[in-house]
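For the sequence shown, the working numbering assigns the number 300 to the initial residue and increments by one for each residue that follows.
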Amino acid sequence: LDAHLNLANALLLLGRIDEVLSQTSEALKLNSNAAAAHYISGCAYVRKGQFEEAVQSLQIAKQIDHTINAVSYQLGRAHQGLGQWQLAASEFEEVVQFDPGHPSAYYNLSQTYLRLDRREDAEQMLEKHQEVVAKNPLSSDPSVTEKCIYTEAIAPFLLEQPEKVGIEVKFVDATQSMLGANASAYSGPVGLLDVGHDDQLDLLLREKDQGFKLLMQQQGIFTSQGFPVPELPGATYHQCLIGDLQHQGSMRSGQQEDAILISDQGTQVFQISPNGMMSDSSLFARLAPLRAHQGRLTDFDITGKLDLIALNSTNRSLLFYRNEGTFSFRPEATQTNLPPGLSGVIDFLFEDWDGDDLPDLFVALESQPARLYLKQRGAPMKLAAACADWPQADAFAVGDLNNDLRMDVAFLTADDIRIQTQGAEAPVVLPLNGLHPSSLEMMDYDNDGWLDLLAFGGDAFRVWRNRGLEGFADVSESLGLNQLQMGDVQQIQKGDLDGDCDSDWILTLADQSIRILRNEGGNANTLMKVRMEGSRSNPSGIGVKLEVTTGGLRLMRTLHQLPFEIGLGKRTKADSIDPHWSDTITQVDYEIESCSSLVVFELEMPTGSCPYLYGWDGEQFRFITDLLGAAPLGLPVAEGVYIPADTEEIVWIGNESLFPPKDGHHVLQITEELREVLYLDEAKMMLVDHPVGTEVHSTSKLVPRPPFPEHKLRTFGHALPVASAERSDGKDVTAALRHIDSKMLSPVALQAPQLRGLAEPYSVELDFGHVDGEQPWALVMTGWLHFGGGMANMGASHHPELGFPFPTLEIRDANGAWQPVDITVGAPAGKTKTIIADLAGKLPTGKLHLKLSMAFEIHWDRIQLMQAVGEDNTQIHVVQPSHTDLHWRGFSPYEDLPWTQPLTPDYEQVHFSPNWLITPSGWCTRYGEVDDLIAKRDDALLLMNGGDELTLKFDSAQMPPRKSSMQREFFLMTSGWDKDADFHVAKGWTVGPLPWHGMNDQDYGNEPRPKQLNDEWIQSYNTRWIGEMTLRKNRRGKE
């Protein structure tokens, strides 16, 4: 990185602009958060006159750290070039504020003022410029005004290199000592797993004349457990895949690995219990007919489940078997997203090549060069330009060989091994000297933190140690491999089989016999063992990358098969461990102790949902609720089917005690704290005075389909609490539902965590006693809904057994039978809200029993009947904000609350960096006053991105006085949309296309924007560029 930046600066001084941009591009591939690379790019674009690109680069540099004055100056010049005179003036004003002696800012400010028709100010700035120049003559060299901390030469970061010779390691044959006298009866393929999660690896093997058996380990000795499962008659087995195919526990429990056995006579699927019992579930899994040569488990459709991609035994094409989440797989012929017409495949694997945390596809082909297909958001896989010069290969291996946090690839060709590292112009070539191996793997046999190369099969079994900048050295002889005479090795798996903290090898030979090679000496370096437990990602964490920093060593490793073991060299502590889950990047600090496993849980951290609303409560900004949860943009419920957006909402803010004025204003904060964009069209406060003893509630709610409710406020009285309430499991929940007190009626059980927002179907029976059916009753319910998002929605769409999740209402008739009530109950649109189910004219007089059933994760705080009362005595005043301000704020952490309470952000704390990689990219609303954008519903939209905050102040002096017989409530009315960057959301990775009222929700991203819309506001307001990669902002620049 530093070398690229130094060269870019040198080239900038020489005026070789295109070469500058080439170097900064390489630097940003290594670190998208490198402010210097963005700044130097911006300077180069200014010199080229490409001012839009300059603004994009320079705004990103300023977002990372806004204290660098040269950035503001160059940004001002870029705005000048685009004719954005007010924005340019703001930048130049900031420059002269902090540097009154700047050589050029006054002159540029004077010219900008002239364009703004501020002639007197322009003359003053020109005089200031002349004063500065009189003391320091003006230079025509552009580097003078470009100079700053970002143009200084950098002492390159020196990545800690491995020892040239390394520790002494030997591999010895331990087959007999570990497997006992019956060792020769065991054969592959081998499955490695930790059945009891006791940090002891167990084996799944075949035993002659018995079938498949589990061999449980005790201190390095394996003994048979349970009953064998028969093998397929006459089958040649190729592979054993291990992974949790159907997570059945909570987030931190219930993970249990299953096994898939691939052969030329069919596929077997075994379920394995925690006590080591194994059962054949092949027919139920619907994989029994599959005859394949190879398979990979991967969450290819990004739904938190492990799908199976198999290599067809006949034409060697790729087959996609979608995991339906019920321990069954469905073959997909059309909606696969795999490259069409791909056959003659020799080898394939999935790995993230371009750093976007998506599984890209590597394939080796018969008589053709190897290929790389990049997985894309919202588009088919794309053939990568990177593979244009790749060779024809019999096999390959992918991993971070040079520890630059990018994946590299090694190809096994007929004559040599060719190593292509990202950013290198030419491959590194390791000659095979006449050997003809058939397979290639990357493993760190000596735990030094550098991946080594193993070539095996045929007449070869060779190991090259990775010595970093010193290159690769053949260490086969020193490892003792030459004396072992292994024969034709077909597969190698690694794992610490004897608990001594180094990775041993299990070899499957051509005749399917097993050899175990014990690693002796590797534990002189540190081994970190990791067990991933996904909650939104697949439960085994397969395909998840782990970014590790320890001292001067940094590395990226991907979990492709269990176990997950990572060498750290001499370090005994990892400074940071950042797992790249499907949706988030989190950080774990961990001290490695006594060779035990680090269990990395995927914490529940929402990345998309809704913007948050806070109100001043007299002491602090209180979290109120979220907004526009019923107005998602491009959010699917199934393949190609999107949730229709209800773009209006009215939410309760509070009463006078909860929402007092602050310095003469009632103050609200709307924040965008997730990986999403808020498109806000209108925001107004509704001040409501109503008689004491009544309640006012909004009709807004989430409904399954249009027509949407008319959004208004209604007044209710004569409350009738439940006399008794019983949940479907028999629990008495009467007390929980009588008052709004955070004592909740919650689901009996939740679905698997990958199906976030869904519960096992449950109901509550409500006894209201005697009811006069002639009265205008409504069911008034306060609660909150846990939103699932695109991943959960798409995952649920693959579960054929999941029913309708929305609440439905039934009434008990005179015969005691339950009859449906013909209403749309709806659900709270996100965090705590009150909804209304109008029952006027639908209830008989007499004893009333209702049953509310649902399969959403909804937590109810209060449910009661209330009568609608006349609206004549309720006074509603609509209040426009007297002041608006859009600005950067950051991201709130969440309070530690029980699962029955909504995830609540803590406004008093703020972080500058979120836990995700991708941010919706595009032009957003510039910071500052935005009154015109939210004054009325007119499709002129305020665009807020992650970390933005909108302050709304309402002048308290302009509000009418309240009569003593009335009580006052405050509501917020909003209109707009929200779109998050979930993989499945249509156009979720970009700010555009902009929505408009009346658009077709099902055709978002394809429907042309109407020409009759007045879009003049876009050029004036949408001038703030947000790049695709999430930035880590400089704290110094934001305090």
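Virtual Cβ for every residue (Gly too), placed ideally from N, Cα, C.
Grouping DSSP H, G and I as helix and E and B as strand, with all else coil, what is residue i?
| i | result |
| --- | --- |
| G767 | helix |
| D801 | coil |
| Y913 | strand |
| F755 | strand |
| L531 | coil |
| H592 | strand |
| W951 | strand |
| L586 | coil |
| E938 | coil |
| E1025 | strand |
| S523 | strand |
| V1063 | strand |
| I453 | coil |
Considering just the uninterrupted stretch of the beta strand (DSSP E) at residue i, what are its terminal residues?
| i | result |
| --- | --- |
| R670 | Q667 to Q675 |
| K1146 | G1145 to F1155 |
| Y978 | E975 to P990 |
| K512 | G510 to Q517 |
| A353 | No beta strand (DSSP E) contains A353, which is instead part of the alpha helix (DSSP H) from F350 to I363. |
| K844 | K844 to T849 |
| Y485 | Y485 to L492 |
| V1177 | Q1174 to V1178 |
| T1329 | No beta strand (DSSP E) holds T1329; DSSP gives it neither H nor E. |
From what residue to what residue does the alpha helix (DSSP H) around residue i run?
| i | result |
| --- | --- |
| E445 | S442 to E445 |
| F391 | W384 to F397 |
| N1114 | Element bounds for N1114: n/a, residue is neither H nor E. |
| I645 | I645 -> not in any alpha helix (DSSP H); beta strand (DSSP E) instead, spanning V644 to E650. |
| H378 | N368 to G380 |
| K427 | R418 to K434 |
| E318 | I316 to L329 |
| I1233 | D1230 to I1233 |
| L310 | D301 to L313 |
If distances are taken between C-alpha atoms only, which option among the options comes closest to residue i?
| i | options | result |
| --- | --- | --- |
| E650 | F661, G640 and S642 | F661 |
| G519 | G525, L500 and T712 | L500 |
| S1212 | T883, L753 and E393 | T883 |
| V443 | V1290, P1005, Y372 and D493 | Y372 |
| L310 | L934, R346 and A333 | R346 |
| A1113 | P1143, L300 and T1322 | P1143 |
| T523 | Q509, P532, L531 and G533 | Looking at the sequence provided, one finds Ser at residue 523 rather than Thr. For S523, the nearest C-alpha among the options comes from Q509. |
| H1283 | P532, D1230 and P935 | P935 |
What does DSSP give as the partner residues of residue i in its beta bridges?
| i | result |
| --- | --- |
| C539 | L560 |
| H996 | R1013 |
| Q1163 | P1020 and V1079 |
| L1242 | Y978 |
| F1105 | In the DSSP output, where bridge partners are listed per residue, F1105 has none listed. |
| W1324 | W1222 |
| M1272 | I949 and K983 |
| P931 | D1277 |
What does the alpha-carbon distance come out to for the pair residue i and residue j?
| i | j | result |
| --- | --- | --- |
| L1164 | K1132 | 16 Å |
| D1247 | A1167 | 40 Å |
| G1129 | T1081 | 11 Å |
| H620 | D563 | His is not the amino acid found at residue 620; the sequence shown has Tyr there. Computed Cα separation, rounded: 17 Å. |
| G643 | A663 | 9 Å |
| N308 | I339 | 7 Å |
| E623 | D498 | 30 Å |
| G1347 | L582 | Because the chain is modelled from 300 through 1338, residue 1347 falls outside the range shown and cannot be assessed. |
| E1338 | W1187 | Reliability fails at E1338, whose pLDDT of 31 lies under 50, so the model's placement of it is uncertain and no value is given. |
| R505 | G756 | 21 Å |
| G928 | T970 | 14 Å |
| N574 | T535 | 29 Å |
| S549 | F569 | Legend: pLDDT at S549 = 45, less than 50; position of this residue unreliable, value from coordinates given subsequently. When rounded, the distance between both Cα atoms is 22 Å. |
| F922 | D962 | 20 Å |
Confirm the yes/no value for this check: CB of residue i, any heavy atom of the ligand PLP, distance under 6 Å.
| i | result |
| --- | --- |
| Q460 | Looking for the ligand PLP in the displayed structure turns up nothing, as the structure carries no ligands at all. |
Flag residue i as yes if its beta-carbon sits less than 7 Å from any beta-carbon of chain C, otherwise no.
| i | result |
| --- | --- |
| W689 | Absent from the structure: chain C. Only one protein chain is present. |
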